[in-house]
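Engineer: Everything in the sequence shown is counted per the UniProt record's numbering, starting at 1 for the first residue and increasing by one.
Yeah, the Cβ is synthetic: ideal placement off N, Cα and C, and Gly gets one too.
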Amino acid sequence: MRMSAQGGTTWLPSTRPQPYLPENCVGVQRVMHRMQERGTALNVVLLDACRTWHKQWNMLSDVLSLAPLGNTVYGYATCEDAVAYEVQDGERSSGVFTKYLNKHVLRPEKVTHMLEQVSEDLGRDPLVAGRQVVEIRHMLKDPRSLADPVRSAGHSGELRLREQCWRQANELPGRQRLAFPCGAEVELGFSAVFSNVLVVFAAVKIGSPQALDCSVSLRSIPAMEDVFSGVSWSDEMDSLLLNSADDTNCSLRLCGLQKLQKALEIEVVLHYTHVDSNLRQRETRQQSVGWPLVARCELYRNLPDNGATSWLEVEDTQPPS
1 MRMSAQGGTT WLPSTRPQPY LPENCVGVQR VMHRMQERGT ALNVVLLDAC
51 RTWHKQWNML SDVLSLAPLG NTVYGYATCE DAVAYEVQDG ERSSGVFTKY
101 LNKHVLRPEK VTHMLEQVSE DLGRDPLVAG RQVVEIRHML KDPRSLADPV
151 RSAGHSGELR LREQCWRQAN ELPGRQRLAF PCGAEVELGF SAVFSNVLVV
201 FAAVKIGSPQ ALDCSVSLRS IPAMEDVFSG VSWSDEMDSL LLNSADDTNC
251 SLRLCGLQKL QKALEIEVVL HYTHVDSNLR QRETRQQSVG WPLVARCELY
301 RNLPDNGATS WLEVEDTQPP S
């Protein structure tokens, strides 16, 4: 995410063209404007992302003014022109902001008070103290909470379907062991960065007397472009992410799972030196991991071919208020 010179916030979709222009991005104010149009009692945008300035853009695409409804809250993981850091939290990698948000988000307190508690916890974290500060903006007149009951009258079926979808979008594949003909075994582990970003870890767990100097390489079928590994992202994807598996030999970050249209397979290639011939050899196994995380929701059926602007125009059903 970046901040324009005028202070408007934009998201950078993974589907954006290269090079990209402001109109290829999603304006947060435009999203909030669409939320207001739905007549909901509370609109909250929580952004756990970097907010570095883009010095090349002189103008924003259309900035829409928000109606003075007194029901709008923005929670930014960091202040303007600063980065937001990530950590390993159990099997999941998440932003430091999200780590503390999960601790407080279900409390029946006014949203702004809840975010203030998140800010205080983050400010005491020695990993990011002095480098990341939560920013809260709001126009909230009533003591609304994210724990307030949802009025589902007339939309109960849709609400149940949506809840089921997002429960599945947080389900990780289990650890898997692969045995190779040479006798070695490789274990695959999984971690979620976002609901549409999956990290696959591979480690040689059992060696073989016939295989020396084992190493592992991974690729996905179909190929899932990793937009975070490019050099151009190095200055805006700062991370304190630590892999808890010290014996990991290889990792693969898969992005854009919402576009997956068939079951995901991981190709695992074991490289080793044969003890008799002293030659490097390789053995390959393919392992299906099904439809991980948000891929199970089949969101690709409503995705545009390109760009972010068209995404805002996708027809959807009226959600519960």
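Expressed to the nearest angstrom, what Euclidean distance is found between the alpha-carbon atoms of R175 and V96?
Structural biologist: Looking at the two C-alpha atoms, the distance is approximately 25 Å.
Engineer: Secondary structure at E158, three-state DSSP: helix, strand or coil?
Structural biologist: Three-state DSSP puts E158 in a helix.
Engineer: Report the CB separation of R107 from A147 in whole angstroms; it is logged as a contact under 8 Å.
Structural biologist: That belief holds up - the Cβ atoms of R107 and A147 are roughly 7 Å apart, short of 8 Å.
Engineer: Kindly give me the distance between the Cβ atoms of C255 and N196, rounded to whole angstroms, as I take these residues to be in contact under 8 Å.
Structural biologist: Rounded, the Cβ-Cβ distance is 7 Å, consistent with contact.
Engineer: Assuming Y85 and Q132 form a contact by the criterion Cβ under 8 Å, report the distance between their Cβ atoms to the nearest whole angstrom.
Structural biologist: Confirmed, about 6 Å.
Engineer: Could you tell me which of R219, L159, V111, A129 sits nearest to K141, measuring between CA atoms?
Structural biologist: Of the listed residues, the one whose Cα sits closest to K141 is V111.
Engineer: Quick one: what's Y74 bridged to in DSSP?
Structural biologist: V45, R137, per the DSSP bridge assignment.
Engineer: With DSSP collapsed to three states, give me the class of G123.
Structural biologist: Helix, per DSSP.
Engineer: Any contact between the region 263-272 and the region 199-217? By contact I mean 3 or more CB pairs, one from each, below 8 Å.
Structural biologist: Yes, the region 263-272 is in contact with the region 199-217.
Engineer: Between the C-alpha atoms of V128 and P292, what's the straight-line distance to the nearest angstrom?
Structural biologist: Approximately 31 Å, taken between the alpha carbons.
Engineer: Alpha carbon to alpha carbon, what distance is there between E109 and D235?
Structural biologist: Low per-residue confidence applies at D235: pLDDT is 39, beneath 50, and the placement is therefore not dependable enough to give any value.
Engineer: A192 by DSSP, collapsed to three states: which one?
Structural biologist: Note: A192 maps to strand in three-state DSSP.
Engineer: Return helix, strand or coil for L101, following the three-state DSSP convention.
Structural biologist: Looking at L101 - three-state DSSP - the assignment turns out to be helix.
Engineer: Taking the alpha-carbon positions, what's the M35 to P149 distance?
Structural biologist: So the two alpha carbons sit approximately 18 Å from each other.
Engineer: If you compare alpha carbons, which of Q18, Q168, P209 is closest to G183?
Structural biologist: Among Q18, Q168, P209, the Cα nearest to that of G183 belongs to P209.
Engineer: Short of 7 Å in beta carbon distance, which residues of its chain neighbour Q281, apart from the five on each side in sequence? Order them along the chain.
Structural biologist: Around Q281: Y272, H274.
Engineer: Is it buried or exposed, I221, if we count other Cβ atoms within 10 angstroms and call 16 or more buried?
Structural biologist: Under this definition I221 is an exposed residue.
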